[in-house]
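Trainee: Position 72, counted from 1, in the sequence shown is what this note's numbering calls 72; the numbers after and before it change by one each time, with no gaps. Each residue gets a CB set at the ideal place from its N, CA and C atoms; glycine is no exception. Here the structure is a predicted model, which is why all the values come from computation and not from measurement.
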Amino acid sequence: MSNQEKTLSPKVSVVVPIYNGENDLADLINCLKSQTYPIEQVEYFLVDNASSDRTSTIIQNAAQNFPKIHYLAETKIQSSYAARNTGIRAASGEIIAFTDADCRPQPQWLTELILPFQDANIGIVAGEIIGLPGKTILEKYAEKQDVLSQKYTLQHPFCPYGQTANLAIRKEIFTQIGLFRPYLTTGGDADICWRIQRETNWKIHFAPNAIIQHRHRSTLSEFQSQWRRYGKSNRYLHELYGISLMKDIPTKEYISTLSRWIVKEVPITSVKAILGKANFTDLVTTPLGLVSKRARFLGQQSAQLPETAKMIERLE
C-alpha cells in the first residue's frame, strides 16, 4: 500500500465490549469480516467483560480462524467503558472505532466512518444507527420513532455527541483528555464527546452513510429497562455537567393524554387501519410514549452517580 493510500485509509482499531454476547457474536463477526475497508489497515478487538456464557470461547475460536480478530478480557470492572479502555490500550490504529455486540455493521460502515477524518480538524465521527427489521409491536414502535438515531444525540441542547454503538475517535485524543470513565455504567459516550469538545479544538462530524443496524428491545421489560437507563444517564450527566433533569408527567396531564387517546385517537386510527392507512403500531404510539417517559423519569429519580464514576483513566 502506497503512502497516499495509507493517508486515505489510515490504520483503524475497532473495539467491541461484550458481555454475555454468545447469541450475537456469529452475526457480528460475519459483519466485521464483510467490511470493505482495506483489511491490512484494520484490527478488531473483541473485549470480553467477564461474561458467564460462551462469549470467551466464541471470540477465541474466531480469532484462530480470522487473524484480524483479537481476544481481550476486562474482568476487573463490570462496565462497557472499562472494556473499551482495555481495547484502546491494546490498539495500534490512528483511529479507534466503536460498536457493540448487538450491532450489525453494514459492509461500507468503516469506509464511510473513516472518510471524514481526511479533514485534519475532525476528531470525532458518528455514524448512523438504524433498527434491525422488527417483528414485535415494541420493535416496530422503536423503529418508527427512530429511537436509536444519532440525530437526537447530535442535536443535544447542551452539546452534540455520538453513541458508542457507532463512533470513531482519533487515538491521539485519548492522550490529551484521558479515556472513558471506567466505573460509569451509562452516559459515557456523551461524557467522552463533551470532554473532547470542551477541552480541545477537535470537531465532531456526522457520517450518515456509515450505517450500523441495532436490535430494538422486543419485550416490555426490556423496553422499560432501556428507558430507565436513559434516565440514569441523564442523572449522571446532570451531576457531571449540570444539564437539565427531565420533569415528570403531572397526573392531570397523564390522565388527559390517555383520555384524548381513547376518545379521539383510537377511533380515528382504527378507521385509518381499516382503510389500510394505519396499523396497530400507530394505535399504541401514545401509550407507549407515556410508558417510555415514565420509565426514563423513574430511572433518573433512582440514580445517583457513584464517586468512583467520576474517575478518568489515562492512556499511559
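#1: Which residues in the same chain have their Cβ closer than 7 Å to the Cβ of Asp53, if we skip the five residues on either side of it in sequence?
#2: Can you give the beta carbon distance from Val147 to His216, rounded, assuming they're within the 8 Å contact cut?
#3: First and last residue of the beta strand (DSSP E) that includes Cys159?
#4: Just to confirm, are Ala303 and Arg229 a CB contact at a threshold of 7 Å?
#5: Decide yes or no for the touch test of the stretch 266-286 against the stretch 201-211: beta carbon pairs closer than 8 Å, at least 3 of them.
#6: For the candidate residues Val266, Gly187, Trp227 and Ile114, whose alpha-carbon lies nearest to that of Tyr241?
#7: So, with DSSP's three-state summary, where would you put Gln35?
#8: Tell me the residue span of the alpha helix (DSSP H) that contains Glu239.
#9: Of the choices Val15, Ala142, Ile243 and Asp27, whose alpha-carbon is the least far from that of Lys68?
#10: Can you tell me whether DSSP reads Val284 as helix, strand or coil?
#11: Would you list the one or two residues that DSSP bridges to Ala120?
#12: Could you give the distance in angstroms between the alpha-carbon of Ala73 and the alpha-carbon of Leu305?
#13: Among Val12, Gln64, Pro105 and Val42, whose alpha-carbon lies nearest the alpha-carbon of Leu28?
#14: Excluding the 5 residues preceding and the 5 following Asn279 in the sequence, name in chain order all residues of the same chain whose CB lies nearer than 7 Å to its CB.
#15: Taking all protein chains shown into account, decide if Asn209 is buried (16 or more other Cβ within 10 angstroms of its Cβ) or exposed.
#16: Between Ile177 and Glu199, how many whole angstroms is the CB-CB distance? I'm expecting something under 8 Å.
Mentor: Once the coordinates are examined:
#1: Asn20 and Glu22
#2: Confirmed, Cβ separation roughly 7 Å.
#3: No beta strand (DSSP E) holds Cys159; DSSP gives it neither H nor E.
#4: no
#5: no
#6: Each of Val266, Gly187, Trp227 and Ile114 was checked against the Cα of Tyr241, and the nearest Cα belongs to Gly187.
#7: Three-state result, Gln35: coil.
#8: Going by DSSP, Glu239 is part of the alpha helix (DSSP H) stretching over Leu220 to Tyr241.
#9: Val15
#10: coil
#11: Ala120 is not bridged to any residue.
#12: 26 Å
#13: Pro105
#14: Ala273
#15: exposed
#16: At roughly 5 Å, the Cβ-Cβ gap stays under 8 Å, so Ile177 and Glu199 are in contact.
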